[in-house]
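K.L.:
Mind looking over this structure? Questions follow.
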Amino acid sequence: MRGLLDDSVAQLFESLPAEEARKASKPLPAADWLEQLRDILALLEDSNLAAIDLVDGLLDRPLSGQEDSVREVAACVQRLQFEQAIVIVRELLAEAG
10 MRGLLDDSVA
20 QLFESLPAEE
30 ARKASKPLPA
40 ADWLEQLRDI
50 LALLEDSNLA
60 AIDLVDGLLD
70 RPLSGQEDSV
80 REVAACVQRL
90 QFEQAIVIVR
100 ELLAEAG
């Protein structure tokens, strides 16, 4: 029984994304960052929950100090606070543009 438990735990940890993989990935080029933000903004303006997937995709990459804002956008979308998420994304676009 103990062996099965150990095997299950090992498989669970193997299936989780490695933190090192996220850190090792390259940051998005500025043009791609802007495109992603615009895509997210369009989805938010349509109250489309697909915005969550795009925001999560951004969180998988190094964001050069923007992680807190992107996490806040993700939290707003998950709470269905689209208007607040739109404000944050527009601020990020203004900073980047």
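In our numbering, the protein residues as written are 10 to 106. Beta carbons: idealized from backbone N, C-alpha and C, even for Gly.
Report all residues from its chain with a CB closer than 6 Å to the CB of C85; omit the five preceding and five following residues, and keep chain order.
P.N.:
Correct list, in chain order: Q93, A94.
K.L.:
Using CA atoms only, rank isn't needed, just tell me which of S73, Q87, A83, E81 is closest to A105.
P.N.:
Answer by Cα proximity: S73.
K.L.:
Give the DSSP-derived three-state secondary structure of L67 in the structure shown.
P.N.:
Correct three-state label for L67: helix.
K.L.:
Determine the direct distance from the alpha carbon of D41 to that of D70, and round the result to whole angstroms.
P.N.:
Looking at the sequence itself, residue 70 is Arg, so the reference to Asp does not match. So the alpha carbons of these two residues sit roughly 12 Å apart.
K.L.:
Check each candidate in F91, L67, D77, A51 and name the one with the smallest Cα separation from P38.
P.N.:
Per the Cα distances, L67.
K.L.:
Less than 8 Å between the CB atoms is what I'm expecting for I49 and Q87, so what's the real figure, rounded?
P.N.:
About 14 Å; that fails the 8 Å criterion.
K.L.:
Hey, quick one: how far does the alpha helix (DSSP H) through D48 stretch, first residue to last?
P.N.:
Counting along the chain, the alpha helix (DSSP H) containing D48 begins and ends at 39–54.
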